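For the sequence shown, numbering that gives the first Met the number 0 gives the first residue as 0, with consecutive numbering after it. Every residue gets a Cβ at the ideal spot worked out from N, C-alpha and C, and that includes glycine. Keep in mind that this is a model prediction, so the values were computed, not measured. One structure is given below, encoded as structure tokens.
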Amino acid sequence: MGAGLRETPLRPIEEGLGARFEEFNGWYTPLLYSSISSEALAVRSAAGAFDVSHMGRLFLNSEELGRAAPLFTNNVESTKLGKMKYSYLLDEKGTIIDDVVGYGLKEGVMLVVNASAFEKDVAWMRSHGVNPVDVTEGTAMIAVQGPSSPSIARELGYELGDWFTFTPLAGWESPRSGGIVSRSGYTGEDGFELIGDANLVSSVFRRVIEMGAKPAGLGARDVLRLEAGYTLSGVDTVGITPLDLGGSHFVKWEREFIGKGPLEEKRKEGEKLPAGFLSSGGIPRRGYACEEAFVSSGTFSPTLKKGIGLLMPSRAGITLEPNADITLYEDGDPAKKALKGRIVSLPFVPHRYPHRTL
């Protein structure tokens, strides 16, 4: 293991399951157990279990929430008990620092943030007089995803509510005591996520594997999120605003937030709407581009058995029409390798979770 890398509490279990580890944003995390493709297909057909303990967990009490409100594009500070809310953190220019999810608790709100932006998020909050409590240490987080996941939840005795809601388990007192089960995920499938005491989460992770969920690594998680048309913080969101990736529905224009002025100016140009690139042969990687669009991330889709990429318009006013043929070039240079394909609507693979307006 590399010097200074953090380990999740589930590492001993994962080693026993034959995980292959890699560094990911300062963490020692499972890349895969068997193969990325087989793990992704297991999630699409039945269920897979992911260790996502590398995600940061920050707690804001009621007093801190009042000071934190201008940091969010959405009304995170007013998230009701048992509800979840997605939001962006923006800098003064309206550029994305991170996307976060708030969990409404009696005592305040717990934020789940991306590992790639954790240090930046904390520094940004503190620079604005907000002091979050880091509850990542001593807690863990797993995601069980796939069409069989609701039945696994029932067998565990968990009652799943609507999408993007959660239920505290018996014994819940704080983020470090007990656990909460949410109906949520990052794969486009139905599923649940458990956050809580490391011993509790480790025990549940063992049980869901025994129940038939396939252990899955971050390689499969990245494939699945791209098939679902989701962006990856720190990759697809670098140097852009919510309006550059079709994220305006998570911006509450009636509220005041940092970066609002520049974002309103950009709004006048129109919102860019991403699309999918379905390759005719070969895998599109970040940097493949043409005059109208560029790939922000790409991979091989085990579900579609084709190369896919998230296609971003190069400027406002460009509409990426579905079913249109398109040729992309490595580094956007027509003298370099060409990749032919067609534009498709997102998601690549239809979502199968119980939808509701977030």
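- Distance from the Cα of valine 207 is smallest, within the candidate group Val222, Leu225, Glu154, for Glu154.
- At the C-beta level, tyrosine 352 and glutamate 172 stay beyond 8 Å of one another.
- Linking isoleucine 194 to tyrosine 328 through their CA atoms gives a straight-line distance of about 42 Å.
- Taking a 10 Å sphere around the C-beta of alanine 142, we find 16 or more other C-beta atoms and assign the residue as buried.
- DSSP, read as helix, strand or coil, puts aspartate 133 in strand.
- Contact check between the segment 33-46 and the segment 220-228: three or more CB pairs, one atom from each, fall below 8 Å, which counts as touching.
- In this structure, the straight-line span from the alpha carbon of alanine 46 to that of asparagine 24 is close to 26 Å.
- Sixteen is the threshold: when 16 or more other Cβ atoms of the shown chains lie within 10 Å of the Cβ of glutamate 13, as they do, the residue is buried.
- CA-CA distance, phenylalanine 204 to leucine 9, rounds to 8 Å.
- Taking all protein chains in view, the Cβ of valine 51 is crowded by 16 or more other Cβ atoms within 10 Å, so the residue is classified as buried.
- According to the DSSP assignment, methionine 140 belongs to the beta strand (DSSP E) that extends over 138-144.
- Collapsing the DSSP output to three states places glutamate 91 in coil.
- Of the candidates Lys105, Thr186, Val112, the residue whose Cα lies closest to the Cα of aspartate 97 is Val112.
- Look at lysine 267 here: in three-state DSSP terms it is coil, with no helix or strand label.
- Beyond the five residues adjoining it in sequence on each side, leucine 64 comes within less than 7 Å, by CB distance, of Glu76, Gly107, Val108 in the same chain, given in chain order.
- Setting aside the 5 residues that flank it on each side, alanine 18 is surrounded in the same chain by Pro29, Tyr32, each with a C-beta closer than 6 Å to its C-beta; the list follows chain order.
- DSSP places methionine 124 inside the alpha helix (DSSP H), whose first and last residues are 117-126.
- In this structure, Pro346 is the residue among Pro346, Leu80, Ser296 with its C-alpha nearest to the C-alpha of glycine 228.
- Listed as beta-bridge partners of asparagine 113 by DSSP are no residues whatsoever.
- By the Cβ-count criterion, proline 273 is buried, with 16 or more other Cβ atoms from all chains shown falling within 10 Å of its own Cβ.
- Ranked by how close their Cα comes to the Cα of glycine 15, the residues Gly156, Ser201, Pro301 have Ser201 in first place.
- DSSP places glutamate 253 in the coil class of the three-state scheme, outside both helix and strand.
- Spatial neighbours of arginine 284 in its own chain (CB-CB distance under 6 Å, excluding positions within 5 residues in sequence) are listed in chain order as Gly297.
- When secondary structure is reduced to three states using DSSP, phenylalanine 71 falls in the strand class.
- Within the model, the alpha-carbon separation for leucine 310 versus alanine 169 is close to 44 Å.
- For arginine 56, the number of other beta carbons within 10 angstroms of its own is at least 16, and it is reported as buried.
- Taking the C-beta atoms as reference points, leucine 104 is found no nearer than 8 Å to isoleucine 95.
- With a contact defined as Cβ atoms closer than 8 Å, glycine 81 and phenylalanine 165 qualify at about 6 Å.
- Annotation for isoleucine 307: the continuous beta strand (DSSP E) segment containing it runs 305-312.
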